[in-house]
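Number of protein chains: 2
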Amino acid sequence: MAVTQTVGGPAAAGKQMLSEQVHARLRAAILHGAHAPGDALKPQELAKEQGVSLAVVREALVRLVGEGLADRLPNRGFAVPAFSDRRWQELTEARLTVEEPMLRMSVQRGDVEWEARVRAAHHRLARTPAFAPEEGEYYSDAWAEAHRAFHRTLLEGCGNSVLLDTFDRMWTASELARRWSGHSTPHRSSADEHRRLEEAALTRDPAAAAAALVRHLSLTAAALSPESATGTS
Amino acid sequence: MAVTQTVGGPAAAGKQMLSEQVHARLRAAILHGAHAPGDALKPQELAKEQGVSLAVVREALVRLVGEGLADRLPNRGFAVPAFSDRRWQELTEARLTVEEPMLRMSVQRGDVEWEARVRAAHHRLARTPAFAPEEGEYYSDAWAEAHRAFHRTLLEGCGNSVLLDTFDRMWTASELARRWSGHSTPHRSSADEHRRLEEAALTRDPAAAAAALVRHLSLTAAALSPESATGTS
DNA sequence: GTAGCACGAATAATCGATTATTTTGCCGAG
DNA sequence: CTCGGCAAAATAATCGATTATTCGTGCTAC
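Heads up: the protein sequence lines correspond to chains A and B, in order.
Residue numbers for the first sequence follow this note's numbering, so the first one is 48 and each next one is one higher.
Residue numbers for the second sequence follow this note's numbering, so the first one is 48 and each next one is one higher.
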């Protein structure tokens, strides 16, 4: 029986490798919190669920491990990584360390095209409601994506793809860690902070932009662990 | 017949997954320059060479892609990534951007145990000859490893595993890019620079340490592209 | 009553073979 | 002589099944 049933959604999903699709779906599911930290990601279940063979699920899982979205326990399969507060703090500090100089470079180097994209990204973010009625608990996918796009666009002016890859990696890890660190909602003044960031960037004021970013990230971190500043041990 | 008696060395080499071993071997081979950039990494060849099935080679390759040590061309297999001068410059800039603040943190936070490890790492590096007679063209594996260990140890005082992972990733990419960017040998004064780095770190002088690191990395970059400072478009 | 072991079920890791896609070589039309 | 298409070979992607390891259970010895 040569029944090559292409999965195909209504939107003509086109031709992609199966492992790519499975990887994307699994990644989205993990980021959406469909699997709790520590939960085992069983290849058999996933394979049956998605109607593919073990090999493609395995490949997707290996990729996820590389992205930090899954842990591998030798001879014991895969699992959703557990996130401690400690890890969340490290993530925030790392983002500050990397993004602050990136933003400075960006502001110094970005051209008019970059300015235009920053404006566009901020507009999209400002006009996207953070919460969708049906999704309730967590902020909407649309807002999360607009948020990511704004922050990334701000940094893209630096023109360094290695640093931008680093940003992508840390952003993803942050999104997952944030979801499971008790702190999920965008805090009250984030819209203000984003406006300040945009303004400083378009004014070509590196110091002001850096300061705004540091404040933005610090507030995000502080909202989670109010008394974190005291050194541990 | 229970034939699987893996004797294992006296040091109890233990049981590792096949894919792990294959991944390690392939990774080492690529970093050693056994495959030229652009060369296809054919699963069949590799599988026959190493006497394993396609699945394990495939898994190893997927992992390598995640580490940036291989490219994936959809439906066209895997290949060794090509490195342009541009990429090498980006890598160097990224390392500067990330490692300089890391080193400052490290110097500020590192404890006595860290100081001891820095001393030990520098001693090993200083006592390891950069060139081994039999390896000729390129610097010795032992030196490369001592070099990496010294730089990493310097930064480990920062205590941030996310940043250290970023360092690892960039270091690996740098090693591969350097090999194929025409610039291979450690330059004349690297021993001096390492000594200065160690001294500044143990003196707990963040500014001096950062300055020494910046000089070290800048020289490395400059040695490759002498006239690179002029911004490209 | 509990510790330890044997056995069986579950699941991970690997394999050999099948299917789909791309590349290569050849032939004829223009 | 070159361009375009067709067939054959090569190779990538996927699958179904096999082997190895771990996990759970119940029995036995003490």
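Each residue gets a CB set at the ideal place from its N, CA and C atoms; glycine is no exception.
Interface flag, residue i vs chain A, CB-CB below 8 angstroms
i	result
B/R195	no
B/V165	no
B/L210	yes
B/Q68	no
B/V109	yes
B/P90	no
B/V145	yes
B/A177	no
B/A71	no
B/A102	yes
B/A141	yes
B/E137	yes
B/G113	yes
B/P233	no
B/R262	no
DSSP state of residue i mapped onto helix, strand, coil
i	result
B/G124	strand
B/A87	strand
B/F214	helix
B/G56	Residue placement at B/G56 is poorly supported in this model, since its pLDDT is 36, which falls under 50; the coordinates are not used for a value here.
B/D118	strand
A/F130	coil
A/W135	helix
B/M149	helix
B/A179	coil
B/R251	coil
B/Q63	coil
A/H79	coil
A/S221	helix
B/V109	helix
B/E274	Note that B/E274 has pLDDT 43, beneath the 50 cutoff, so the model's placement of it is unreliable and the number below is only indicative. Of the three classes helix, strand and coil, the one that applies to B/E274 here is coil, per DSSP.
A/D188	helix
B/W161	helix
B/A49	Caution applies to B/A49, whose pLDDT of 33 falls short of 50 and renders its modelled position unreliable; the value that the coordinates give is listed next. Coil.
B/S100	coil
B/S237	helix
Among the options, the one whose alpha carbon lies nearest that of residue i
i	options	result
A/H241	A/W161, A/R142 and A/R174	A/R174
A/V109	A/V261, A/E137, A/E146 and A/A71	A/A71
A/R123	B/M64, B/R164 and B/A76	B/M64
A/E146	A/A238, A/E203 and A/L78	A/E203
A/R199	A/Q97, A/A94, A/A224 and A/R166	A/R166
B/R225	B/E137, B/W161 and B/A94	B/E137
B/L260	B/A81, B/Q97, B/L93 and B/L150	B/L150
A/R119	B/P90, B/S66 and B/D158	B/S66
B/P233	B/G98, B/A177 and B/L201	B/A177
B/G80	B/E222, B/P148 and B/A258	B/E222
B/A179	B/R171, B/A191 and B/A168	B/A191
A/A117	A/R262, A/A163, A/A94 and A/A75	A/A75
A/T238	A/T219, A/L266 and A/G98	Residue identity differs from the one stated: residue 238 of chain A is Ala in this sequence, not Thr. Closest option to A/A238, Cα to Cα, is A/L266.
Cutoff 8 angstroms: residue i Cβ touching any chain B Cβ
i	result
A/T267	no
A/R251	no
A/E106	yes
A/T213	yes
A/A81	no
A/L78	no
A/P121	yes
A/L116	no
A/P128	no
A/P84	no
A/S275	Annotation note: pLDDT 41 at A/S275 (below 50); position unreliable, no value reported.
message: Using a Cβ distance threshold of 8 angstroms, determine whether the segment 247-254 of chain A contacts the segment 143-157 of chain A, with at least three qualifying pairs required.
response: Look at the beta carbons and you see the segment 247-254 of chain A touching the segment 143-157 of chain A: at least three pairs across the two are nearer than 8 angstroms.
message: Closer than 8 angstroms is the cut-off here; do at least three beta carbon pairs connect the segment 129-144 of chain B with the segment 205-212 of chain A?
response: Three or more Cβ pairs drawn from the segment 129-144 of chain B and the segment 205-212 of chain A lie within less than 8 angstroms of each other, which places the two stretches in contact.
message: With three or more beta-carbon pairs closer than 8 angstroms as the criterion, would you say the segment 113-120 of chain A touches the segment 93-104 of chain A?
response: With the cut-off at 8 angstroms, the segment 113-120 of chain A and the segment 93-104 of chain A do not touch.
- prompt: How about the segment 124-137 of chain B and the segment 82-92 of chain B: do they share at least three Cβ pairs that are nearer than 8 angstroms?
  reply: Yes, they touch.
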